[in-house]
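Heads up, the sequence shown is in the UniProt record's numbering, so the first residue is 1 and it goes up one at a time. From the three backbone atoms N, C-alpha and C, an ideal C-beta is built for every residue, glycine too. Read the structure below first, then the notes.
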Amino acid sequence: MLIQLLQEIATTLNRIEMHLRSSDPKTEETPVTPPTVEMPEHVSIAWIIKYLDVARSTFYRNIKDQLLFHVRKIGNRPFYLKADVKALMVKHEKSAWTFSKLAKEAKKTPLDGNGS
């Protein structure tokens with residue numbers, strides 16, 4: 001008798017659910033997509049050293065806090081904007097200077113070119 005009662009309740013619930021779905025087509029689930037925000041890529045020191053093909057000591061002596069500035073720290077690790085690193089590489093390739101000369105030049109004028 002208890003099993004029969006549970007089966008009747010289950011069928012009744014199914015009928016109610018089907019009725020609600022058929023009576024209001026707007027209640028169908030539509031996937032909600034969050035708005036896409038373009039986040040800048042962040043890179044680590046190891047990636048920068050490999051990309052620029054410089055020694056770790058060169059990075060710390062001539063690039064860090066002179067030509068590149070970290071934008072985020074996670075724990076004790078600084079992260080830099082990938083676009084800034086690529087822009088530095090373009091400046092390096094255009095003028096064929098070493099990074100130490102670029103660092104000395106950056107001390108005299110800002111790197112963004114507004115100082116000239």
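{"Item": "SER116 versus MET39: straight-line alpha-carbon distance, rounded", "Value": "Residue placement at SER116 is poorly supported in this model, since its pLDDT is 42, which falls under 50; the coordinates are not used for a value here."}
{"Item": "Simplified DSSP state of GLY115, which is helix, strand or coil", "Value": "The pLDDT assigned to GLY115 is 45, lower than 50, so where the model puts this residue is not dependable; a value taken from the coordinates is nonetheless given after this. GLY115: coil per DSSP, three-state reduction."}
{"Item": "CA-to-CA distance, GLU41 to ARG61, given in whole angstroms", "Value": "24 angstroms"}
{"Item": "8 angstroms Cβ cutoff met for VAL43 and TYR80", "Value": "yes"}
{"Item": "Pairwise C-alpha distance: VAL71 and ILE9", "Value": "60 angstroms"}
{"Item": "Reduced DSSP secondary structure (H/G/I, E/B, other) of LEU88", "Value": "helix"}
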